[in-house]
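Peer 1: Quick note: the sequence shown, position 292, residue 292 per the UniProt record's numbering, numbers continuous. Where is the CB? At the ideal position from N, CA and C, for every residue including glycine. First the structure, then my questions, so here it is.
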Amino acid sequence: MNLMKKRIILVAALALMSQSCEKILEEEIVSGITAGIYYKTPQGWKGGVNAVYETLRYWYGREEGFTFTTFGTDTYTKGADGSYKYFNDYDGQLNAASGYFSSTWREFYQGINTANTVIDRADAVEGLSETDKVTGIAEARALRALYYFILVQTYGPIHLTLEETTAPTTEANRTPVDRIYSEAIVPDLDFAIANLPATTSQLGRVTKPVAQALRARVAAVMGDWTKVEEMANAVINEGGFSLLPRFIDLWDISNDKNQEIIWSVQYTADPLTNAANGNAGGNRGHLYFLSEYDQIAGMKRDIANGRPWKRFQPTMYLLTLFERGVDSRYEGSFKDVFYVNNAATAPAGLNVGDTAYYVVPYAVPDEIQKSKPYFFVDVDPNATDEVMKLRQINYRWFPTLRKHLDPLRLTIQQEEGRRDFPVIRLAEMYLLLGESLMMQGRHEEAAEAINVVRRRAAFPGQETAIEIDASVLSGTGDHEGIDFILDERARELVGEMHRWFDLKRTGKLIERVQKYNPDAAQNIQNFHLYRPIPQDQLDRVSGGYQQNEGYGG
C-alpha cells in the first residue's frame, strides 16, 4: 500500500511535549492506549515511524511552505490576494507575532519529537525484527535531519534535542548552527545512507538515494563541494533514475509518478488521507500561482484553468530568463494563453475555443494589439517599474505557473489537490553536480553536467544551440558563475520550493532581491537572512529566549 496514502492521524503534543495517546493507523481507530503501550508492539512502532512523515504534508504543497520559499526572492513577488505579502516585502509585519512562524516552529518540532520517540523506543519493541528496526530508525533519522535542516536555515541557532520529550517543558537552548549540522543533520543522514534500502515498493518512503540527495543539499550549504559531488554522482549513477525526455511531461498529472522523481510527498483524491496533524488537506499549489483569467471577457472559472488565488506573481527577471525558441522550459512551466470558455461574455467575433487572453513578457506594437480581438497583456517598454512593466497589470494578470495545476479536482472550488509534490528530482542532482564541479574549478566538467539538463530542455533541433561552455561558469564581475547557476536553477526548478534557500546559501539573497524584486528591494536588510523566532516560543521559555537580530525582543 502506498505509504503516504495510508490514513495516519497522529494527535501529537505541541513542540517539545509528549506524544498523544490516540492515533488512526491503517484506517483503524486506536484509542484509550498510552503511547508507552502503543510503541511496544511492532505494529504500533511502525505506525510511529509512519507518523514522522506527517509533517511533510504541512510544508510541501502548502501555502506555508510556498510562502517561506517563494516570496521575497528574485523570481516571484506578491500577487493581488493573500494575507502574507509581508514575507515578500520584508516590512514591519514580518515579525515574531506572525502565525506562520509559530505554526512552522511547532509542526517541525512535533515531527522531530515523533522521530525522537520512535528512535528512543525501538530497542524495547518486542517482536520487532532487526531489519525493520534499523530501517525504521533510518527513516526517522533522515526525516529528523530534513526537519532540522529546514529549521536551521530558516531561524539559525535553534533548540536541539535528539531525545524524546515526554512532558511539557519550559526550558530550551539555542544551539549554534554548526553543531546542529555536526551533531544532528550530518550523522542522521549518514546513518540513513548506510542503512536504508535503495528502493521501496511504497512510494513516498525515504530510501538511500533520497538520503544521498538530501546529503548533497546539506553539503552545498556547508560548502563541502567534494561531498556534494560524491552524493550527486551516487544518485545519478546508482539510483536508477533518469530524466524524462521532455520537460513539459513532468507536469502531466497522470504522470506525476515517473522515473525522474527521486522523492515526492504523496497526495490523493481522498481528503481524509491528505491532511497533516489536523490541518486542512491536499496539495494546494494549484491555487497560488494563477492569473485572474476568470475576469476576462469570454472567460469563466473552470476546473482545467484552476481557481485563481493570485498569491505569487512572477518577476520580469524570471519571465525574461528563457531563450525563446531554444529553451522549452518557458512553455513547459507557464500557461500564457487562455481560450474562450464562456460564449455569453465573449467579445464580438470570438467563439468558444478562440484566444481570449494572451500575456507575453515582451513588447508588442500597438497596431498589432489593436488588430486582435482578445485581451492582451505585454511589456510596456517605457515603464521604469520592473513589476509594472506588464501592461494592464495590477498584480492580477501574468503568466500562470502550470507545474501545480490540478485538472482532476472534482469541483471548480475544490481546494484540496491530489497532485504529488516533487521534493527531489534528478535534474536537481545534475545542477548540484555542476555547481560542485564549478566550485572546485573544474569548469568543463561542470558545463557538461549542466548541459545534460539543458539538452533535455531544448526544443527539437536546438540541443546543440542550448549548450553552454566552460567560460560561462568561470565568469566574473556582474555575472559570476554562481549567477549562471542560480539562473539555471530558476529555469529548471522555479516554483518547487527551493528559491529562498538557494539565494541564501549562495550569499545572493539581498543582492538579487534588490536587483530583481522592486516590491522588496527597499526593505530587505542583512538581518532578513534569518526569520524571527516566534513570539510564543519567546514567551514560554523560562528565563527568556533570545530573538534573532533585527526583530526586537
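Going by CA-CA distance only, name the one from 94, 95, 79 and 151 that's closest to residue 110.
Peer 2: 151
Peer 1: So, at 8 Å on beta carbons, what are the nonlocal neighbours of residue 185 in its own chain, with the 5 sequence-adjacent residues on each side left out?
Peer 2: 145, 148, 149, 152 and 218
Peer 1: Taking a contact to mean a Cβ-Cβ separation below 8 Å, would you say residue 225 touches residue 439 in this structure?
Peer 2: yes
Peer 1: Excluding the 5 residues flanking residue 85 on each side, which residues of the same chain have their C-beta closer than 7 Å to its C-beta?
Peer 2: If the five residues before and after residue 85 are omitted, its C-beta is found closer than 7 Å to the C-beta atoms of 78, all from its own chain and listed in chain order.
Peer 1: Please say whether residue 524 and residue 90 have beta carbons closer to each other than 8 Å?
Peer 2: It is a contact, given that the beta carbons lie within the stated cut-off.
Peer 1: Taking buried to mean at least 16 other C-beta atoms within 10 Å of its own C-beta, is residue 206 buried or exposed?
Peer 2: buried
Peer 1: Let me know if residue 141 comes out buried or exposed under the rule of 16 or more other beta-carbons within 10 Å of its beta-carbon.
Peer 2: With 16 or more Cβ atoms within 10 Å of its Cβ, residue 141 is classed as buried.
Peer 1: Report the option in 63, 395, 67 and 138 whose CA atom is closest to the CA atom of residue 49.
Peer 2: Restricting attention to 63, 395, 67 and 138, the CA atom closest to the CA of residue 49 is found in 138.
Peer 1: On a CA-only basis, which of 431, 41 and 356 is nearest residue 452? Give me that one, please.
Peer 2: Of the listed residues, the one whose Cα sits closest to residue 452 is 431.
Peer 1: Would you decide whether residue 130 is buried or exposed? Buried here means 16 or more other CB atoms lie within 10 Å of its CB.
Peer 2: exposed
Peer 1: Using 8 Å as the cut-off, can you tell me whether the stretch 514–524 makes contact with the stretch 70–77, which would need three or more C-beta pairs spanning the two stretches below that distance?
Peer 2: yes
Peer 1: Per DSSP, residue 425 forms a beta bridge with which residues?
Peer 2: DSSP output for residue 425 lists 261 as bridge partner(s).
Peer 1: In terms of alpha-carbon separation, which member of 61, 293 and 433 lies closest to residue 237?
Peer 2: 433
Peer 1: Considering only DSSP beta bridges, list what residue 175 is partnered with.
Peer 2: 158
Peer 1: Within the chosen definition, does the stretch 95–110 reach the stretch 528–546 through at least 3 CB pairs nearer than 8 Å?
Peer 2: yes
Peer 1: Could you give the distance in angstroms between the alpha-carbon of residue 401 and the alpha-carbon of residue 227?
Peer 2: 33 Å
Peer 1: Would residue 348 pass as a contact of residue 374 if the rule is Cβ separation under 8 Å?
Peer 2: no
Peer 1: Do the stretch 312–332 and the stretch 363–378 meet, that is, are 3 or more Cβ pairs less than 8 Å apart?
Peer 2: no
Peer 1: Using 8 Å as the cut-off, can you tell me whether the stretch 503–515 makes contact with the stretch 475–494, which would need three or more C-beta pairs spanning the two stretches below that distance?
Peer 2: yes
Peer 1: Tell me the start and end of each unbroken beta strand (DSSP E) in the stretch 500–553 that is at least 3 residues and wholly inside, in chain order.
Peer 2: If you keep only unbroken beta strand (DSSP E) runs of at least 3 residues inside the stretch 500–553, you get nothing at all.
Peer 1: Out of 173, 424 and 154, which one is the CA nearest neighbour of residue 161?
Peer 2: Nearest of 173, 424 and 154 to residue 161, Cα basis: 173.
Peer 1: In the DSSP assignment, the alpha helix (DSSP H) including residue 100 goes from what residue to what residue?
Peer 2: 99–121
Peer 1: Can you tell which of 54, 336, 352 and 335 has its C-alpha closest to the C-alpha of residue 343?
Peer 2: 352
Peer 1: Near residue 545, what residues of its chain come up, given a Cβ to Cβ distance below 8 Å and the 5 sequence neighbours on each side ignored?
Peer 2: 172, 174, 533, 537 and 538
Peer 1: Going by the beta-carbon positions, is the gap between residue 473 and residue 447 smaller than 8 Å?
Peer 2: yes
Peer 1: Report buried or exposed for residue 552, applying the criterion of at least 16 other Cβ atoms within 10 angstroms of its Cβ.
Peer 2: Around the beta-carbon of residue 552, fewer than 16 other beta-carbon atoms lie within 10 Å, marking it exposed.
Peer 1: Among 549, 503 and 493, which one has its Cα closest to the Cα of residue 422?
Peer 2: 493
Peer 1: Count the other CB atoms, across all protein chains shown, that sit within 10 Å of the CB of residue 158; report buried if there are 16 or more and exposed otherwise.
Peer 2: buried
Peer 1: Using 8 Å as the threshold, is the stretch 457–471 in touch with the stretch 297–310, meaning 3 or more CB pairs across them?
Peer 2: no
Peer 1: Using the beta-carbon count (16 or more within 10 Å), is residue 97 buried or exposed?
Peer 2: exposed
Peer 1: Under DSSP, the beta strand (DSSP E) around residue 213 begins and ends at which residues?
Peer 2: That residue, residue 213, is in no beta strand (DSSP E); its alpha helix (DSSP H) goes 208–222.
Peer 1: Looking at the structure shown, is residue 244 part of a helix, part of a strand, or coil, going by DSSP?
Peer 2: Three-state DSSP puts residue 244 in coil, outside helix and strand.
Peer 1: Out of 470, 462 and 463, which has the shortest C-alpha to C-alpha gap to residue 441?
Peer 2: 470
Peer 1: Decide yes or no for the touch test of the stretch 229–244 against the stretch 252–261: beta carbon pairs closer than 8 Å, at least 3 of them.
Peer 2: yes
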